[in-house]
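Q:
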């Protein structure tokens, strides 16, 4: 969780930072700490901003149409390379399991 916002909140948290999505600061820290293989990792979200950082870091990504997903999908003419779009989280989980041979 990133407590910072460039425009809102208590003055000590009101700033731009590298940990607020779509920046990759928190992912970089987690990758180093947990020794993650990002090319074998997935990001699932209902906003494009959920997926921008993971895509920059080499993850595969899924936009779910639940939550904000439908309106987010309508904002784009093209789905970015590396992103799949599915109806909901259970479908995303099935797709990940099928594509990683973990089912």
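Numbering (our numbering), first residue to last: 239 to 341. Just so you know, even glycine gets a beta-carbon here, dropped at the ideal spot from N, CA and C.
(1) Measure the beta-carbon distance from residue 247 to residue 255 and round it to whole angstroms, keeping in mind my assumption that it falls under 8 Å.
(2) Which residues mark the beginning and the end of the beta strand (DSSP E) in which residue 283 is found?
(3) Spatial neighbours of residue 327 within its chain, please: CB distance less than 6 Å, with the 5 preceding and 5 following residues excluded, ordered by chain position.
(4) Using three-state DSSP, classify residue 274 as helix, strand or coil.
(5) Let's see if you can read the secondary structure: which residues bound the alpha helix (DSSP H) around residue 298?
A: Looking at the atomic coordinates:
(1) Within the chain shown, numbered from 1, the residue matching residue 247 stands at position 9. Within the chain shown, numbered from 1, the residue matching residue 255 stands at position 17. Actually they are not in contact, since the Cβ atoms of residue 247 and residue 255 sit about 12 Å apart, beyond 8 Å.
(2) Indexing the chain shown from 1 puts residue 283 at position 45. Taken as a continuous stretch (DSSP letters only), the beta strand (DSSP E) holding residue 283 covers 280 to 283.
(3) Locating residue 327 in the chain shown gives position 89, where the first residue counts as 1. The answer, listed in chain order, is 302.
(4) Translated into positions along the chain shown, residue 274 becomes position 36. Residue 274 falls in the coil class under three-state DSSP.
(5) Numbered from its first residue, the chain shown carries residue 298 at position 60. Counting along the chain, residue 298 falls outside any alpha helix (DSSP H), though it belongs to the beta strand (DSSP E) covering 298 to 302.
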